[in-house]
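Notes for the one structure printed next.
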Amino acid sequence: MTRYDSLTDATGDTPLVGLPRLSPRWEGTNPVRLWAKLEDRNPTGSIKDRAALAMVRAAEADGRLTPGCTILEPTSGNTGISLAMVAKLHGYGLVCVMPENTSIERRQLLEMFGARIISSPAAGGSNQAVATAKQLAEQYPDWVMLYQYGNPANARAHYEGTGPEILHDLPTITHFVAGLGTTGTLMGAGRYLREKVPDVSIVAAEPRYGELVYGLRNIDEGFVPELYDDSVLTSRFSVTSYDALRRTRDLIEHEGIFAGISTGAILHAALSIADRVAARDERADVAFVVCDGGWKYLSTGAYAGSLQQAAEQLEGQLWA
Amino acid sequence: MAIEVKIPTILRTYTAGAKAVDGSGETLSALIDDLDASHPGIKGRLITDDGGLHRFVNVYVNDEDVRFTGSLDTALKDGDAVTILPAVAGG
């Protein structure tokens, strides 16, 4: 079925695509295969459409969101863009608190959708956006903060959507790899897959940014999303901008997939795991998430010049 | 045995501003003790009173989070790279 009554109904049911050229062993007795879940095929082009739609629907169901309401959300971009689309279609206003070191494309998209952007300082990254949004929520009690970092509907979207879709398409799954931001994807899809395939490995890839982003005043200003439960994970990798960019380019060159930078980080973790399994001469089916396409990151220089130059360009920017 | 330890901005007051320092130890726990001997006080910022890693501190050995590889008992070998980072939000 590819006909829908509205754009939001077209969220999810994304393709799972094999990577025969980048997989360590595509064929043979013990294949080690990589599978890309193309979440850029969602309505606004990212996996965040799932969480945004689920959070809005949950808030409508419990009466927190009523026609004419204003939604408030701290976001480095994709969640904001997804919420802006849903807000427009459902008749809400949207205020996004976004770190100032995010790409211009994200700002332009948000503005085009009619969202209002409040900038938070670059130093401290999304931590500062969260803190600023919490202050605004106190100042404007009539605004509804959906709060992706602690909203169970975020993880539930992946428990009910992403996870089942992957298992349906890949019953032989051995590993699931996704990005760790709000942790919603990993918590939701991870829990579902663990319930159905008890020995599945759930692997997190988190971006390692330039120093500016970690410029907190003290350790206690650190932030762990309320949704995060480390018992769901099997392992967790920190991926540098350089490695993320390298894999993003590998994806285009070998498999024709033009993905965003965080997807490169996820593929890097997926390949680390896949290479280990291949070295033990065991089999694996590794599903990983393509969070979005590369379009919103062209202005960052990620796809131009040498890898080293591109990595330097990204220093100080929030790229996931 | 030399292990390079990358120090986040926030903890460089303990390393005279150095972005990376060398340490040694066969486990992460031993490495942190060794670091504390050369950079007194740093251990107290990484480890809580009950002996576990601080909630807002992430430590990676060769890019892998130690909380999933044995935490403070994670084994180290010559040439490993250890990275310490404060926990920050994504999304």
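Line by line, the protein sequences are chains A and B.
Residue numbers 1 to 320, in this note's numbering, belong to the letters of the first sequence in order.
Residue numbers 1001 to 1091, in this note's numbering, belong to the letters of the second sequence in order.
Idealized CB from N, CA, C, for every residue including glycine.
Between the beta-carbon of R320(A) and the beta-carbon of S46(A), is there less than 9 Å? In the sequence under discussion, the amino acid at residue 320(A) is Ala, which differs from the Arg named in the question. No, the pair does not count as a contact, with Cβ atoms beyond the cut-off.
Can you find at least 3 beta carbon pairs, one from the segment 129-140 of chain A and one from the segment 159-168 of chain A, that sit closer than 8 Å? At 8 Å Cβ cutoff, the stretches do not touch.
Proximal residues, the segment 231-248 of chain A versus chain B, C-beta separation under 9 Å: Flagged, chain order: L233, T234, S235, R236, F237, S238, V239, T240, D243.
N1058(B) - partner residues in DSSP beta bridges: Looking at the DSSP assignment, N1058(B) forms a beta bridge with L1085(B).
Nearest to G68(A) by alpha carbon, out of G316(A), K88(A), A61(A), E206(A)? The residue with the shortest Cα to Cα distance from G68(A) is K88(A).
Between the segment 142-155 of chain A and the segment 197-205 of chain A, do three or more beta carbon pairs fall short of 8 Å? Judged by Cβ distances under 8 Å, the segment 142-155 of chain A makes no contact with the segment 197-205 of chain A, as fewer than three pairs qualify.
My output table needs one value for K37(A): the three-state DSSP class, helix, strand or coil. Reduced to three states, the DSSP call for K37(A) is strand.
Taking only runs of the alpha helix (DSSP H) that begin and end inside the segment 47-128 of chain A, which ones reach a length of at least 4 residues, in chain order? With a minimum length of 4 residues, the continuous alpha helix (DSSP H) runs that stay inside the segment 47-128 of chain A are 48-61, 78-90, 104-112.
What three-state label does DSSP hand Y272(A) in the structure shown? Checking the sequence, you will find Ser at residue 272(A) rather than Tyr. Three-state DSSP puts S272(A) in a helix.
Test item: CB-CB of V239(A) and H268(A) under 9 Å: It is a contact, given that the beta carbons lie within the stated cut-off.
Through-space distance from G181(A) to R3(A), alpha-carbon basis: The alpha-carbon separation between R3(A) and G181(A) amounts to approximately 32 Å.
Roughly how many whole angstroms lie between the Cα atoms of Q128(A) and L146(A)? If I take the Cα positions, the gap works out to 17 Å.
Proximity below 9 Å, CB of S103(A) to CB of S299(A): Taking 9 Å as the Cβ cut-off, S103(A) and S299(A) qualify as a contacting pair.
Collapsed DSSP secondary structure at T162(A) in the structure displayed: T162(A): helix per DSSP, three-state reduction.
Quick one: Cα of R280(A) to Cα of D142(A), how far? When the Cα atoms are used, R280(A) and D142(A) turn out to be separated by approximately 57 Å.
According to DSSP, is K1077(B) part of a helix, a strand, or is it coil? Assignment of K1077(B) by DSSP, reduced to helix, strand and coil, places it in the coil class.
Can you check DSSP and say which residues form a bridge with E226(A)? For E226(A), which the question treats as bridged, DSSP gives no partner whatsoever.
Less than 6 Å between C-beta atoms, sequence neighbours within five positions excluded: which residues of the same chain meet that for A10(A)? Same-chain partners within the cutoff: Y4, P43.
Does T182(A) come within less than 9 Å of chain B when only Cβ atoms are used? Yes, because at least one Cβ of chain B sits closer than 9 Å to the Cβ of T182(A).
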